[in-house]
């Protein structure tokens, strides 16, 4: 079941340990929700007014500095949000962030498809496993979504990967 609410999506870019990523707050008439998903990388930081489809509302918590913090997280209809990004004039990540130039030390497979440094989605984890990548690191979006993290963990374990805590990576055994 989903609901459609008018609201304001405020997107901001955060510099995380695994590189920059976009997060958002969705302010609606029923509350303010945290939003995290790779689709947000298509948006430039700023405020976006519109109707948003909420598919799931979850309470999330994390521990920090000896205490616990909880917040309300919303899972939006990502296909609709991607369409909303196009309507706002945004397309692919490369168009939104033209300063992301390719360095000479970045690796590309023989078929010319760039392998991401951090897997942000289950589909990227599946592709990395399919390519036989020796090490898989998970990105901020994957780590913030428990369901996706569990699915990715199960896929990697079935494929023979084991978690290496010191490296914060999954390595093929």
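Residue numbers (this note's numbering): 279 to 451.
Idealized CB from N, CA, C, for every residue including glycine.
Are the Cβ atoms of residue 289 and residue 316 separated by less than 9 Å? Here residue 289 is taken as the residue at index 11 of the chain shown, counted from 1. Here residue 316 is taken as the residue at index 38 of the chain shown, counted from 1. Going by C-beta atoms, residue 289 is not nearer than 9 Å to residue 316.
Let me confirm a value: residue 438 is counted as buried when at least 16 other C-beta atoms fall within 10 Å, else exposed. Which label applies? To locate residue 438, count along the chain shown from 1; it is residue 160. Residue 438 comes out exposed.
Local conformation of residue 374 per DSSP, three classes: Counting from 1 along the chain shown, the entry for residue 374 is found at position 96. Its pLDDT being 37, under 50, residue 374 is placed unreliably in this model, and the coordinates cannot settle the point.
Beta-carbon proximity of residue 299 to residue 292, cut-off 9 Å: Within the chain shown, numbered from 1, the residue matching residue 299 stands at position 21. Within the chain shown, numbered from 1, the residue matching residue 292 stands at position 14. Cβ distance < 9 Å, so residue 299 and residue 292 count as in contact.
Whole angstroms are fine: how far does the CA of residue 418 sit from the CA of residue 297? For the purposes of this step, residue 297 is identified with residue 19 of the chain shown, where counting begins at 1. For the purposes of this step, residue 418 is identified with residue 140 of the chain shown, where counting begins at 1. Those two C-alpha atoms are separated by around 9 Å.
Local Cβ density within 10 Å of residue 313, reported as buried at 16 or more and exposed below that: The residue you call residue 313 lines up with position 35 of the chain shown. Classification for residue 313: buried.
Do residue 366 and residue 330 have their beta-carbon atoms positioned less than 9 Å apart in this structure? Position 52 of the chain shown, counted from the first residue, corresponds to residue 330. Position 88 of the chain shown, counted from the first residue, corresponds to residue 366. No, the pair does not count as a contact, with Cβ atoms beyond the cut-off.
Report back the beta-carbon spacing between residue 400 and residue 434 to the nearest angstrom; my notes put them in contact at under 8 Å. Within the chain shown, the letter at position 122 stands for residue 400. Within the chain shown, the letter at position 156 stands for residue 434. Rounded, the Cβ-Cβ distance is 11 Å, inconsistent with contact.
Opposite residue 348 in the DSSP bridges: which residues? Residue mapping note: residue 348 aligns to position 70 of the chain shown, counting from 1. Residue 348 is bridged to 339.
Helix, strand or coil at residue 408 [DSSP, three-state]: One-based indexing of the chain shown puts residue 408 at position 130. Here residue 408 sits in helix by DSSP.
Rank 308, 281 and 425 by C-alpha distance to the C-alpha of residue 355 and give the top, closest one. Within the chain shown, the letter at position 77 stands for residue 355. Residue 355 has its Cα closest to that of 281, out of 308, 281 and 425.
Would you mind reading off the limits of the alpha helix (DSSP H) that contains residue 305? As a working note, residue 305 is residue 27 in the chain shown. Segment 297-306 is the beta strand (DSSP E) holding residue 305; no alpha helix (DSSP H) there.
Is residue 338 near residue 325, with beta carbons less than 9 Å apart? By one-based count along the chain shown, residue 338 stands at place 60. By one-based count along the chain shown, residue 325 stands at place 47. No, these two residues do not count as a Cβ contact at 9 Å.
If distances are taken between C-alpha atoms only, which option among 421, 395 and 348 comes closest to residue 412? Translated into positions along the chain shown, residue 412 becomes position 134. Ranking 421, 395 and 348 by Cα distance to residue 412 puts 395 first.
Which residue marks the beginning of the alpha helix (DSSP H) containing residue 429, and which one marks its end? By one-based count along the chain shown, residue 429 stands at place 151. Looking at the DSSP string, the run of the alpha helix (DSSP H) that includes residue 429 is 424-436.
C-alpha gap between residue 398 and residue 294, whole angstroms: Reading the chain shown from its first residue, position 120 is the one you call residue 398. Reading the chain shown from its first residue, position 16 is the one you call residue 294. Answer to the nearest angstrom: the Cα atoms are 13 Å apart.
Got a sec? Which residues, its chain only, sit under 7 Å from residue 446 by beta carbon, not counting five neighbours each side? In the chain shown, the residue the question calls residue 446 occupies position 168. Cβ within range, chain order: 415.
Taking the alpha-carbon of residue 405 as reference, which of 364, 422, 430 and 423 has the nearest alpha-carbon? For this step, residue 405 is matched to residue 127 along the chain shown. Residue 430 is the option with its Cα nearest to residue 405.
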